[in-house]
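Visitor: Quick one: structure below, then a few questions.
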Amino acid sequence: MALSRLRGLAGLHLLGLNARALQVHPAAVEQDEAFQALSQTALQAAQEAGSEAIAAKQRDFLADALEAAEAAQSAASPQVAAARADGHKKAYAPWSEDEEQALIRRHEAGETVAAIAAAHGRKPGAIRSRLKKLELI
1 MALSRLRGLA GLHLLGLNAR ALQVHPAAVE QDEAFQALSQ TALQAAQEAG
51 SEAIAAKQRD FLADALEAAE AAQSAASPQV AAARADGHKK AYAPWSEDEE
101 QALIRRHEAG ETVAAIAAAH GRKPGAIRSR LKKLELI
């Protein structure tokens with residue numbers, strides 16, 4: 001029978017469930033009551049604070065979250081830090097249009113990959129990879 005046809009829960013039997021399966025531990029009930037009380041307290045405090053105070057808190061929260069995200073994004077991974085410590089100051093940095101043009105000029109002038117890498121502050125593998133992307137090798 002479809003559940004929508006039930007008029008009450010008396011006589012309803014769910015296969016695989018028994019009375020024990022639907023019981024809740026007393027500690028969980030106590031914790032739920034504590035959470036409900038804290039929720040009511042927070043709701044009352046928010047209502048008393050007013051919409052301006054709530055908006056200010058939201059702006060502060062978003063500013064802090066943005067600052068934390070930018071800090072996490074700017075923190076170099078250990079791999080990047082190690083590559084930059086080895087003298088490759090532009091390791092894993094994005095290529096600018098000017099850098100690409102200089103790379104093309106140096107490659108067409110016949111400079112070695114090692115010389116181009118040293119001039120650009122990148123690893124030889126990065127130079128080869130960029131040359132492949134530009135379909136020059």
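Residue numbers 1 to 137, in full-length UniProt numbering, belong to the letters of the sequence shown in order. The beta-carbon is built from N, C-alpha and C at its ideal position, and this holds for glycine as well.
Taking the straight line between their C-alpha atoms, what separation do you get for Pro124 and Ala71?
Guide: Spanning the two alpha carbons is a distance of roughly 29 Å.
Visitor: At which residue ranges does the UniProt region "Disordered" (76 to 96) contain complete alpha helix (DSSP H) runs of 4 or more residues, listed in the order of the chain?
Guide: The UniProt region "Disordered" (76 to 96) contains these whole alpha helix (DSSP H) runs: 78 to 85.
Visitor: Could you check the C-alpha separation between Val80 and His120 for me, to the nearest Å?
Guide: Going by the C-alpha atoms only, they are around 16 Å apart.
Visitor: Can the beta-carbon of Ala91 be found closer than 9 Å to that of Ala126?
Guide: Yes, Cβ-Cβ distance for Ala91 and Ala126 is below 9 Å.
Visitor: Take the Cβ of Leu103 as the centre, count every other Cβ of all protein chains shown within 10 Å, and call the residue buried at 16 or more, exposed below.
Guide: With 16 or more other Cβ atoms within 10 Å, it is buried.
Visitor: Near Gln23, what residues of its chain come up, given a Cβ to Cβ distance below 6 Å and the 5 sequence neighbours on each side ignored?
Guide: Excluding sequence neighbours, Gln23 sits near nothing in its chain.
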